[in-house]
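Chains as they are written, first to last, in our numbering: chain C, 8 to 747; chain A, 84 to 235.
We put the CB at the ideal spot given by N, CA and C, even for glycine.
First the structure, in the form of structure tokens, and then the observations on it.
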Amino acid sequence: MTLDQATRVKGGIGQSTIRPDGIPKLTGDFAFVNDLFAEGMLHAATRRSPHAKARIVSIDIAPALAMAGVHTVITQEDVPGDPLFGLEDRDQPVFAHDEINYWGEPIAVVAADDRETARRAAAAIEIEFDVLEPLTDPEEAERQGSVFRHMKIRNGDQDLHGEVVVEGYYETAMQDQAPLGTEAGLAVPDGEGGIDLYGPSQWVHADHEQVYPCLGLAPEQVRVHPSGLGGAFGSREDMSLQIHICLLAQITGRPVKMEYDRSESFTGHVHRHPSRMWYRHEADREGNLVRVEAKIILDGGAFMSTTNAVMANASYFAVGPYRVPSVQVDGYGVKTNNPTCGAMRGFGAVQSCFGYESQMDRLAEKLGMDPVGLRLKNALAPGDRIPTTGQLIETALPAAECLEQVRLMPLPPPLDSDDPRHLPGGTGLTTPRSAVKRGVGYALGIKNLEFSEGFDDYAEASVVLTPAGAEVHTSAVECGQGLMVVCQQIARSALGMEHVAFVHDNTSDMGSAGSTSASRQTQMTGGAVLEAARGLKAEVLKTHGGDDLNDEGVWRDGSLVATMDEVCANGPVTFHTQYRHPPTEPPNETGQGNIHADFAVAAHRAVVDVDPELGLVRVVQIDTAQDVGKALNPQSVIGQVEGGIMQGVGLATMEEMVVDRGRILNANFTDYLLPTFLDAPNVEAILIEQEGSWGPFGAKGVGEPPTISSTPAIVAAIADAVGKHFNRVPVRPQDITGVL
Amino acid sequence: MIDITLTVNGEDRSASVRDSESLLTVLRETLALPGSKPACEQGECGSCSVVLDGELVCSCLVMAADCDESIVRTVEGLAQGDKLHPVQQAMLDSGGVQCGFCTPGFVVAAAHYLDENPDPSSDELREELSGNICRCTGYGAILRALEGLAQR
């Protein structure tokens with residue numbers, strides 16, 4: 008099928024088709040996990056540790072159990088199955104029982120008639136702690152060998168050196184995904200000893216793998232249902248309340264609902280790893296990169312979560328989308344008593360991009376070169392090898408094109424207004440226009456798409472023909488990004504049919520779609536849907552001797568030879584696939600190998616206005632060009648670009664979880680700042696469509712690249728405005744003024 | 084428990100509420116109107132925006148017991164049958180909906196503002212809606228939706 012034929016179908020690919028969940032979300036009818044209700048359900052609450060490191064001397068649940076309306080209180084000794092869970096390694100107890108490893112670690116849960124009673128009962132549990140000194144310095148953790156994984160990368164001649172040398176130290180803060188919906192879920196006993204779980208999941212099969220062993224049940228006794236999420240951005244890859252509510256439902260025999268408030272959401276899910284990075288860049292006098300050395304420490308906190316993969320990503324992309332003949336990278340994911348860190352949009356590539364792009368600007372300055380020119384001179388292209396892993400780039404990778412396109416975009420007009428809404432600080436703080444300095448900064452970023460390092464990464468889907476039209480069946484989770492509509496579009500184009508419904512299947516009814524993360528579902532579940540739809544079409548055409556299919560049925564030589572009722576005379580016709588991306592392999596001992604399935608690049612240019620005296624920043628505009636392969640739904644792609652950039656704006660200018668000796672000090676929306684409408688810059692985007700990716704119709708994942716290089720572009724712009732380098736994000740007012 | 088009666092989306096409703104319960108909790112859990120969302124429950128994000136006696140409020144900050152004899156409009160009261168409110172239709176068409184958790188509060192706040200200010204500037208829209216946080220869209224598609232309405 009050619010693209011032209013495919014795009015002809017109404018609601019097919021290449022069109023900004025309206026999403027099926029749009030209207031229910033606008034009218035308030037859409038059921039988020041927070042909105043779930045079951046007749047007779049109990050409400051649950053969690054008791055958490057007030058210490059980052061301690062021994063539990065005793066737990067007395069009697070005061071909670073004695074309260075009217077309390078049905079049960081459970082601790083680790085009530086867990087009937089596997090006492091441990093974890094996404095990559097089962098290293099975390101369902102409840103802390105002898106030792107506490109982080110502030111907020113769950114110790115017990117309560118089920119009661121109503122939420123208020125449950126919360127009061129959880130608070131009434133009496134726990135005696137022997138408080139210990141927490142390990143919270145990630146460098147000390149590395150020295151002590153408290154390391155989840157050390158990633159060692161050596162590529163090229165290690166004795167190569169350049170004449171021009173720039174060294175730098177960089178930090179990125181702990182960022183929170185802060186999805187607007189908090190964690191919530193409902194567990195419903197099926198009356199036969201099993202449980203149906205509706206929870207906050209980005210990958211229902213991974214939840215299933217962790218839940219049923221802890222319950223001591225057989226796999227088929229637990230069904231995890233894709234459920235309505237108020238965003239995710241990585242925060243729902245790990246377990247939060249899933250096992251807890253299933254245990255309570257199992258023990259009480261009643262449906263159990265739990266809903267975190269915002270403070271508990273900050274405590275109860277993983278965060279973006281804070282990083283510390285040491286860089287040394289060496290180049291020749293013409294600006295050709297010769298060697299890059301990097302040491303990166305990511306603080307994984309108390310339990311492993313996805314630290315190993317995040318740290319590996321930070322290491323694999325430690326030098327960015329540039330040709331470098333000699334590379335040495337040492338990445339460490341360390342174990343501390345800080346909050347556990349895991350997945351957040353960009354997944355390690357965000358941290359190191361701030362490091363290498365800051366280095367590129369300093370190197371350009373030292374060389375007396377234009378920073379864009381330095382990047383273009385070294386930009387990777389197809390046929391090059393990834394400088395860390397040595398992997399040959401065989402698909403499109405328009406790094407230079409992205410940067411060139413961004414440079415050509417028109418700059419916004421100069422600041423010409425005294426309206427405080429246009430000034431740094433906005434209406435809340437007074438900055439005279441005369442004090443404002445404008446700056447412009449560029450950055451380029453790269454990330455892998457899909458799961459890597461030899462992981463068996465696949466997605467299952469079915470496409471079904473019924474008399475009423477086609478159905479796409481998958482267990483892939485929609486977090487809000489538009490997965491459902493893109494699956495419909497792909498199926499419409501492949502089948503040549505307009506009537507395509509999206510159906511979510513639970514873990515018993517459908518195989519895994521893999522995680523809705525790593526920018527992977529458009530390519531992976533989209534790829535499975537395309538394969539299934541093509542297979543289904545070929546099968547019915549063959550059965551009925553046809554040469555075309557549409558909503559009416561099968562056609563041959565322009566005549567209808569079988570109506571849809573006739574096609575489905577023996578019931579719905581189903582085609583199921585398990586779709587895999589090109590194979591990857593684990594790294595060797597120096598980090599070499601064909602480790603990644605696909606790559607994407609993006610470039611950003613930030614324009615900022617800064618008040619250097621008060622240290623205030625207004626991000627005026629972000630221009631971007633992004634490598635998308637093929638934009639299957641342009642409106643959705645722009646939505647990912649704009650939304651992803653705003654999370655980069657947040658990390659650059661305001662978002663930081665403040666952690667003191669393991670304790671989060673700002674676990675609420677008053678103190679953890681998120682960009683508002685007034686903080687939002689104008690965004691102009693160019694989508695670079697180059698053929699070559701194996702994704703459906705050449706599509707690449709688009710969710711993460713916007714969040715990677717937007718942050719360093721903003722920091723570069725602030726640096727340009729005030730004539731001073733910055734080595735940490737977010738850039739705080741005191742970093743600009745130099746006055747605390 | 085305190086008994087209150089109120090008019091919600093044109094309908095007379097009554098509820099027995101605890102003195103500690105917010106209007107948001109009572110709307111969602113007692114009156115079966117879960118469209119208004121609990122995202123921060125401290126008045127920072129606007130996800131629970133409703134119109135209370137003609138004023139836009141964060142329903143998480145209003146005690147339900149104080150709402151006796153009040154008139155409340157929630158997101159569930161915006162569409163007329165199958166016909167979306169113009170703000171809802173514009174948000175749908177522009178791609179202003181992603182995860183959707185901020186969406187009810189956004190459309191309630193925007194509809195209320197546009198009722199009183201039918202032709203705002205972009206700056207005014209940004210400022211008036213700066214109490215509604217969206218984590219998904221970066222606000223671009225929402226701004227395009229509302230600018231399109233303002234120009235009519």
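In this chain, THR88(A) is not harboured by any alpha helix (DSSP H); it is covered by the beta strand (DSSP E) spanning 85-91.
Proximity of chain C to ARG209(A) at the Cβ level (cut-off 8 Å) is accounted for by ARG428, PHE684, LEU685, ALA687, in chain order. Under a 10 Å Cβ-count criterion, LEU135(A) is classified as buried, with 16 or more other Cβ atoms of the shown protein chains found around its own Cβ. In the DSSP assignment, ARG227(A) falls within the alpha helix (DSSP H) that extends over 223-233.
In the DSSP annotation of this structure, the continuous segment of the alpha helix (DSSP H) that includes GLN654(C) starts and ends at 641-660. Distance from the CA of ILE154(A) to the CA of HIS50(C), rounded to the nearest whole angstrom, comes to 30 Å.
With respect to the C-alpha of LEU374(C), the residue from GLN335(C), LEU248(C), GLU289(C) having the closest C-alpha is GLU289(C).
Contact with chain C is absent for GLN163(A), since none of that chain's Cβ atoms lies less than 7 Å from the residue's Cβ. In the DSSP assignment, GLY560(C) falls within the beta strand (DSSP E) that extends over 560-563.
For MET146(A), none of the residues of chain C pass the 9 Å Cβ criterion, the least Cβ distance being about 15 Å.
Residue-level contact by beta carbon fails for THR24(C) and chain A, as no gap is shorter than 7 Å.
Contacts with chain C (Cβ-Cβ distance below 8 Å) from the segment 108-133 of chain A involve ARG111, LEU116, PRO117, GLY118, SER119, LYS120, PRO121, ALA122, CYS123, GLU124, GLN125, GLU127, CYS128, SER130, listed in chain order.
Taking CB atoms only, MET653(C) has a neighbour in chain A less than 7 Å away. According to the DSSP assignment, TYR196(A) belongs to the alpha helix (DSSP H) that extends over 186-199.
A straight-line Cα-Cα distance of about 52 Å links HIS732(C) and THR584(C).
Per the C-alpha coordinates, the member of ALA466(C), PRO641(C), VAL171(C) positioned closest to HIS212(C) is ALA466(C). If you draw a straight line from the Cα of ARG122(C) to the Cα of ALA52(C), it comes to about 7 Å. At a Cβ-Cβ threshold of 7 Å, VAL277(C) and THR347(C) count as neighbours. By the neighbour-count criterion, in which a residue is buried when 16 or more other Cβ atoms sit within 10 angstroms of its Cβ, LYS637(C) is buried. Excluding the 5 residues flanking it on each side, GLU457(C) has same chain C-beta neighbours closer than 7 Å at ASP464, ALA525, ARG527, GLN530, MET531, HIS588, ALA604, ASP605, in chain order. Interface annotation, GLU46(C): not in contact with chain A, CB-CB separation never under 7 Å.
Assignment of alpha helix (DSSP H) within the segment 209-271 of chain C, counting only whole runs of 4 or more residues, yields 211-222, 249-259 in chain order.
Pairwise C-beta distances place the segment 136-151 of chain C in contact with the segment 60-68 of chain C, as three or more of them are shorter than 8 Å. Below the 7 Å Cβ cutoff, chain A contributes CYS182 as neighbours of CYS486(C), in chain order. Proximity to LEU680(C) across ARG227(A), SER213(A), GLY118(A) peaks at SER213(A), based on C-alpha coordinates. For GLY598(C), the closest C-alpha among the options GLY461(C), GLY223(C), GLN249(C) is that of GLY461(C). In this structure ILE721(C) is in contact with VAL656(C), their Cβ atoms being roughly 6 Å apart against a cut-off of 8 Å.
In this structure, DSSP gives LYS444(C) an extended state, which the three-state scheme calls strand. Residue burial annotation: LYS549(C) is exposed, with fewer than 16 other C-beta atoms found within 10 angstroms of its C-beta. For a cut-off of 8 Å, the C-beta gap from ARG227(A) to LEU685(C) is around 17 Å, too long to register as a contact. Ranked by Cα distance from ILE695(C), the options ARG735(C), MET74(C), GLN412(C) are led by GLN412(C). Listed in chain order, the non-local C-beta contacts of GLY260(C) below 8 Å within the same chain comprise PRO196, local neighbours out to five positions each way being set aside. Within the segment 528-602 of chain C, the runs of alpha helix (DSSP H) that reach at least 4 residues and sit entirely inside it are, in chain order, 528-551, 571-574. Distances from the alpha-carbon of LEU415(C) to those of ASP377(C), THR631(C), ALA309(C) put THR631(C) closest. A distance below 7 Å separates the beta carbons of PHE92(C) and CYS221(C). According to the DSSP secondary-structure assignment, CYS141(A) is paired through a beta bridge with SER132(A).
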